[in-house]
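So for the sequence shown, our numbering puts the first residue at 1262; every next one is plus one.
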Amino acid sequence: MPGAARRRTFDGVEILFAADVDEPVARAWCAEFRGWFDARARDVPGAEPRAHVSLIETPLGLAVAKRERQTGWKGSFVRLGARVLRSRRSFELALAMRARGIATPRPFAALASVSDVGCEGVLITEFVDAPGPWEWVRRREAATEQREKSPIPSPHPPRGTVGAGAGSRESEGNELSPVWRELVERLADGLAQLHAAGFRHRDLKAPNLLLRESDGAGEARAWIEWLDLDGAADVGRARIATRVRDLSRLSASFLSDEARALGARADAWDALVHAYVERASASVPFGDAGAAAERITIATRRWAERHRWNNQSLGRPTA
């Protein structure tokens, strides 16, 4: 089938690799992967530096390598075959998502090295050069400000911007600004499509989302690229409770200090929930969509506040 993977073992390292990866390349990765995370490791552009994530050069272009280590009882379960490394699970999940039309970086390979000491896995995926939600807002607002400074005014200003300032400022009629309205709609569309395809993501936060747009000839497209599939799962049919939990995790980012600093209004999250419920109603029995959206908004805001308080108490990031 398209996207089928092959499995090989080279020098004691098992590798599951995509059909477009040549076997000599897979063999080389098995020999080289430990050096990707030493002092020469390269941070991934646009992402927070992490010791277990590195940018690497491959014959297929730039890629992201993410390492995991399992010791103790978890490592024992992997050795016994009762537990699968997250790297392999994420690799197989990415193939399944792409097969159903859900965008995630192209998975190249998943490596596994198992010994008496512990287990080590590495996931290799395509590097996607695209902004996350907050960087996307910054770029759009900068472009808006540049257009406003242009000596040639546009005869057709974007909808909702008449009498308004930059993208982060409120527009006429007390509506969301065009920048935030577009972000809300894109996130609502993307999450509704993810759930409709039978997947969920319990670690939805700004760093795990990329906003991509087609830049070539043909019909213009915009879509969400899903990252960090450790928190994703193929659930077949996403129940309402599952959808609310995913929205709850996303609410923590949307209601964070970083989002507020960028100009996120208090009602931007409410608008996102209503947009999501509207799009998902075709496949989910929400009943009264407006009432359901209000209940979900209240529940997710409460979750976000608890998440924020817990992380502040532990000295962790609040997003």
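Quick reminder that beta carbons are idealized off the backbone N, C-alpha and C, glycines included.
- Under the DSSP assignment, PHE1271 falls in the beta strand (DSSP E) whose first and last residues are 1266-1271.
- For PRO1439, the enclosing alpha helix (DSSP H) starts and ends at 1439-1457.
- Distance from the CA atom of VAL1505 to the CA atom of HIS1462, rounded to whole angstroms, is 11 Å.
- In this structure, the alpha-carbon of ARG1269 lies about 45 Å from that of ARG1401.
- C-alpha of GLU1446 to C-alpha of SER1374: approximately 43 Å in a straight line.
- The beta carbons of ALA1370 and PHE1298 sit no closer together than 8 Å.
- Distance from the CA atom of ALA1403 to the CA atom of LYS1410, rounded to whole angstroms, is 11 Å.
- A residue is called buried once 16 or more other Cβ atoms fall within 10 Å of its Cβ, and GLU1381 is buried on that count.
- With fewer than 16 neighbouring CB atoms inside 10 Å of its own CB, VAL1496 falls in the exposed class.
- Residue pairing from DSSP leaves GLU1396 without any beta-bridge partner.
- Within the DSSP bridge table, the entry for PRO1366 names no partner.
- The Cβ atoms of PHE1294 and ALA1265 lie no closer than 8 Å to each other.
- By the Cβ criterion, the stretch 1485-1495 is not in contact with the stretch 1522-1535, since fewer than three pairs of Cβ atoms, one from each stretch, lie closer than 8 Å.
- Under the three-state reduction of DSSP, GLU1474 is assigned to strand.
- Within the same chain, and ignoring the five residues on either side of PHE1388 in sequence, the residues whose Cβ sits closer than 6 Å to its Cβ are LEU1323, ALA1324, VAL1325.
- Nearest Cα to PHE1271 within the set ALA1292, ASP1281, LEU1465, ASP1377: ALA1292.
- Closest by C-alpha distance to LEU1384, out of VAL1345, ARG1399, VAL1378, is VAL1345.
- Take the alpha-carbon of GLY1307 and the one of ALA1391: they are about 9 Å apart.
- For SER1374, the secondary structure class from DSSP, reduced to helix, strand or coil, is strand.
- Under DSSP, ALA1279 forms a beta bridge with ALA1266.
- Here the alpha carbons of LEU1508 and ALA1360 stand approximately 24 Å from one another.
- The Cβ-Cβ distance between VAL1398 and LEU1516 does not fall below 8 Å.
- Between TRP1441 and ALA1529, the C-beta spacing is below 8 Å.
- Between ARG1350 and ASP1518, the alpha-carbon positions lie close to 33 Å from each other.
- In this structure LEU1575 is exposed. Its beta-carbon is surrounded by fewer than 16 other beta-carbon atoms within 10 angstroms.
- Here DSSP, grouped into helix, strand and coil, assigns LYS1410 to helix.
- At the C-beta level, ALA1453 and ARG1540 come within 8 Å of one another.
- Looking at the DSSP output, GLU1329 bridges to GLY1382.
- By the Cβ-count criterion, ALA1355 is buried, with 16 or more other Cβ atoms from all chains shown falling within 10 Å of its own Cβ.
- For VAL1314, the enclosing beta strand (DSSP E) begins and ends at 1314-1319.
- Per DSSP, reduced to three states, the secondary structure at ASP1495 is strand.
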